[in-house]
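One structure is given below, encoded as structure tokens.
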Amino acid sequence: MHIGLSAVKTGPNEIQIGYSVSDGIYSIDFAVHTVDLSTVEDIPSTIAFSVLEGIMAFSGRHLVKFICAGVGSRLEAICPRLPSLLWSKLDIMPFIMPIREFDAAEEVDELADSFVRKALMWIGPQEMPRLDIVTRNLVNVDGGGIKLCDLQDYERSVGEPLWRAVSVLAKGLTDRKVKIRFFSATPQGGGVALMRHALVRFFRLLGVDCQWFVPKPNPAVFRITKNNHNILQGVADPDKRLGEEEKQKWSTWIEHNAERYWFRKGGPLAPGGADVVIIDDPQMIGLIPMIKKRQPHLPIIYRSHIEIRSDLTKVVGSPQEGVWQFLWKHIKPADVFIAHPVTGFVPAEVDIKTVGMMPATTDWLDGLNKPVAQWDTQYYFRKFNNACSADRMATLAFPSRGYICQVARFDPAKGIPDVLDAYAKLRQRLQREGVPTEDTPQLLICGHGAIDDPDGTIIYDITLKTIDGEALRAYKNDIVVMRLGPSDEMLNVLLSNCRIALQLSHREGFEVKVSEALHKNIPVVAYAAGGIPLQIRHGHNGFLVPTGDTVKVAQHLYDLWMNVDGVYEMLQTHANCKVSDEVSTVGNAACWAYLAGKLSRGEKIEPHGQWIYDKAREAAGVPVEKDEQVLPRDGLALQFN
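Here UniProt numbering is used: the first residue of the sequence shown is 1, the next is one more, and so on.
Here it is in structure tokens:
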């Protein structure tokens with residue numbers, strides 16, 4: 001269901017709230033409630049909670065879940081916190097609807113009906129908000145009208161020192177009206193898109209001019225760039241190489257998008273269109289020399305977010321060297337090289353003076369991470385199991401049975417065969433020890449797709465065939481493998497309610513899903529790949545395992561599932577308190593605000609391999625204190641037991 005909300009003042013101490021309920025096709029019910037304000041001190045809170053109570057009462061009586069709300073701008077002006085409360089408390093997406101001058105005379109229930117119909121225009125398939133790509137392929141985050149949270153929510157989500165720092169850095173940008181322009185390959189699916197939606201949303205609340213652009217998609221080019229990704233990570237066929245024809249096709253695609261959308265008068269790469277440019281994906285590196293040729297003094301930051309096998313890029317004639325040399329030719333003119341905080345990810349050709357370390361981040365307030373009420377949790381589990389049934393897939397028996405979960409894209413580097421192998425070893429051991437089937441865990445492997453990742457279908461099909469194999473056939477009905485639609489809340493619910501989270505990537509950039517699981521108090525068993533060891537304290541909030549050792553993974557799964565020596569409660573106790581603010585949207589914004597601030601003033605940045613978060617805090621006059629929780633800064637000295 002969907003709902004429209006409006007308000008009109010009917011007296012000096014009285015306000016009417018209009019409600020209109022729609023089933024997605026037409027309005028089916030309405031109500032008008034009058035709120036007496038004569039004895040009320042906090043009017044905004046009184047009205048907001050009156051609205052929430054009215055919605056919850058309707059939901060309870062009719063057993064319905066509301067998806068979106070069209071909220072009149074007049075009601076939002078009276079109750080500024082109402083949209084974020086709808087989102088955080090009731091899991092309802094609030095669309096703010098402006099009231100035109102001639103709407104003022106309309107009845108409050110008619111306005112509510114109008115607002116819900118307008119909000120429904122922004123709801124697409126699977127009851128998700130439509131992705132809004134506007135002129136020049138600008139990603140119009142939240143459709144320009146969704147309001148999920150406010151600055152008060154963000155301030156509460158992090159520590160006071162970081163909030164002071166980001167406020168200082170953002171003010172420096174807004175005072176000088178600095179224009180920040182991001183370019184990445186896709187507007188949805190994958191970690192880059194998730195981070196950019198969150199960053200643009202937060203910067204918008206701060207008043208920072210930050211825009212994000214994507215190219216017109218080309219499936220053939222995305223096949224090429226995905227092959228390059230796999231080659232650099234060392235997970236591609238050893239004979240796979242980047243050919244001249246592929247290089248030309250890739251370059252032509254970038255040039256076409258740049259000339260058609262971004263270099264034209266009024267575009268983000270035309271003179272005056274940007275003060276700082278961030279190339280956020282290796283797919284977009286062709287822009288760097290083009291920009292430098294036309295605007296030599298325009299600062300460019302390149303962010304490298306995948307694991308690059310720098311040991312293999314050194315091997316003359318290797319596929320990795322071929323791909324890297326092509327990439328490096330385009331990346332080299334950039335002013336700053338941002339990498340995930342793992343030393344081995346930066347090939348030797350990159351001048352260490354230009355390198356700064358910055359982890360991937362997540363948003364504690366978006367659909368992936370916000371707390372979800374029991375009512376909504378049940379809704380998403382029903383929706384998930386219905387999707388499983390539609391695909392003729394096994395379903396989760398939760399809450400009667402627990403489950404182990406890996407949330408990740410279906411990618412050659414994500415270690416899905418290892419997940420299946422470790423699960424088989426665990427079930428075989430439990431079977432030998434006589435543990436009843438109903439007391440054993442199910443296994444869930446799920447994740448979103450991305451339009452620039454053509455491997456998803458291939459790996460998904462391979463996974464299904466593996467489950468039908470001899471080793472796993474006995475447990476097939478307890479293994480759930482699903483490619484999910486773009487519902488962040490569903491992934492949130494599935495990860496929040498699992499017993500144990502896995503992350504068995506063989507090659508990884510940072511994989512912030514680990515921090516998301518720890519934030520939800522879920523113990524994690526993971527391979528020590530990429531930036532994963534930066535997030536897990538072995539034996540305190542999870543277990544790190546040498547890549548490929550599924551026997552050790554199965555042992556840790558057994559210990560956690562059976563709670564040997566109370567290890568599960570011990571890990572749960574330590575999980576949430578070890579997640580650093582620097583992996584949040586606010587921490588990410590502080591880093592970009594620092595970089596954009598200095599570069600837009602014409603200053604040169606030479607991080608020399610330092611963490612950008614630390615430099616941002618210093619620049620804001622709020623340095624990181626010794627007792628603050630941060631990711632490890634002293635490299636990755638790993639010991640396993």
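Cβ coordinates follow ideal geometry from the N, Cα and C atoms, glycine included.
Bear in mind the structure is a predicted one, so any value in this text is a computation, not a measurement.
Item	Value
If you draw a straight line from the C-alpha of K65 to the C-alpha of L37, how long is it?	29 Å
Within a Cβ cutoff of 6 Å, which residues of the same chain sit near I28, ignoring the five residues on either side of it in sequence?	V21
What is the DSSP secondary structure of D239, counted as helix, strand or coil?	coil
DSSP on residue 677, reduced to helix/strand/coil?	Since the first residue shown for the chain is 1 and the last is 641, residue 677 is missing from the structure and cannot be characterised.
Apart from the five residues just before and just after L504, which ones in its own chain have a Cβ nearer than 6 Å to its Cβ?	G415, D418, V419, Y527
Mark S400 as exposed unless 16 or more other C-beta atoms lie within 10 angstroms of its C-beta, in which case mark it buried.	exposed
Between which two residues does the beta strand (DSSP E) holding L443 run?	442-447
With a CB to CB cut of under 6 Å and the five nearest residues on each side skipped, what residues in its chain are close to residue 681?	With the chain represented from 1 up to 641, any question about residue 681 goes unanswered, as that position is not in the structure.
Over what stretch of residues does the beta strand (DSSP E) that includes A31 continue unbroken?	27-36
Excluding sequence positions up to five away, which residues of its chain have a Cβ less than 6 Å from the Cβ of L631?	L534, S580
Among the candidates S73, E127, I78, R61, whose CA atom is the shortest distance from the CA of M93?	E127
Going by DSSP, what residue range makes up the beta strand (DSSP E) through D10?	Note that residue 10 is Thr in the sequence shown here, rather than Asp. First-last of the beta strand (DSSP E) with T10: 2-11.
Just grab the DSSP bridge partners of I404 for me.	L443, I500
Run through the segment 331-389 for me and flag every whole alpha helix (DSSP H) of 4 or more residues, listed as ranges in chain order.	none
Let me check understanding here. Comparing Cα to Cα, which of R196, L194, V158, W212 lies closest to K179?	W212
Pull up the distance between the alpha-carbon of L368 and that of E489, whole angstroms please.	5 Å
Cα separation between L199 and E41?	36 Å
Straight-line CA distance for L228 to I308?	The amino acid at residue 228 is misidentified as Leu; the sequence shows Asn. N228 and I308: Cα-Cα distance of roughly 10 Å.
Starting from A526, trace the alpha helix (DSSP H) in both directions and tell me its first and last residue.	First-last for A526: 524-527, but that is the beta strand (DSSP E), not the alpha helix (DSSP H).
Select from V622, V192, K249 the residue whose C-alpha is nearest the C-alpha of A220.	K249
Exposed or buried, which one is V158 when buried takes at least 16 other CB atoms within 10 Å?	buried
For I536, which of helix, strand or coil comes out of DSSP?	coil
May I have the straight-line CA-CA distance separating G317 from P238, to the nearest angstrom?	12 Å
Buried or exposed, going by whether 16 or more other CB atoms sit within 10 Å of the CB of A637?	Below a pLDDT of 50, predicted positions are generally treated as unreliable, and A637, at 39, falls in that range; the measurement from the model is reported next regardless. With fewer than 16 Cβ atoms within 10 Å of its Cβ, A637 is classed as exposed.
Taking Cβ to Cβ, would you say V71 is nearer than 8 Å to F115?	yes
Report the option in V32, T10, A474, K147 whose CA atom is closest to the CA atom of Q428.	A474
Could you give the distance in angstroms between the alpha-carbon of F30 and the alpha-carbon of A69?	14 Å
In terms of alpha-carbon separation, which member of R156, D132, F202 lies closest to residue 647?	Outside the modelled stretch of the chain, which goes from 1 to 641, sits residue 647, for which no answer is possible.
I need the DSSP call for F640, collapsed to helix, strand or coil.	With a pLDDT of only 38 at F640, under 50, the local geometry of the prediction cannot be trusted, and the value read off the model is given with reservation. Looking at F640 - three-state DSSP - the assignment turns out to be coil, as it is neither helix nor strand.
Would you kindly check if the distance between the Cβ of A170 and the Cβ of I78 is under 8 Å?	no
Is DSSP giving I612 helix, strand or coil here?	helix
How many whole angstroms separate the CB atoms of S304 and F326, which I take to be in contact at a CB cut-off of 8 Å?	Contact flag wrong, Cβ pair sits at about 14 Å.
For M562, which option in A193, D627, T440, A471 has the closest C-alpha, if you only look at C-alpha atoms?	T440
Can you tell me whether DSSP reads W122 as helix, strand or coil?	coil
Per DSSP, A185 forms a beta bridge with which residues?	None; A185 has no bridge partner.
Is the beta carbon of T377 less than 8 Å from the beta carbon of N497?	yes
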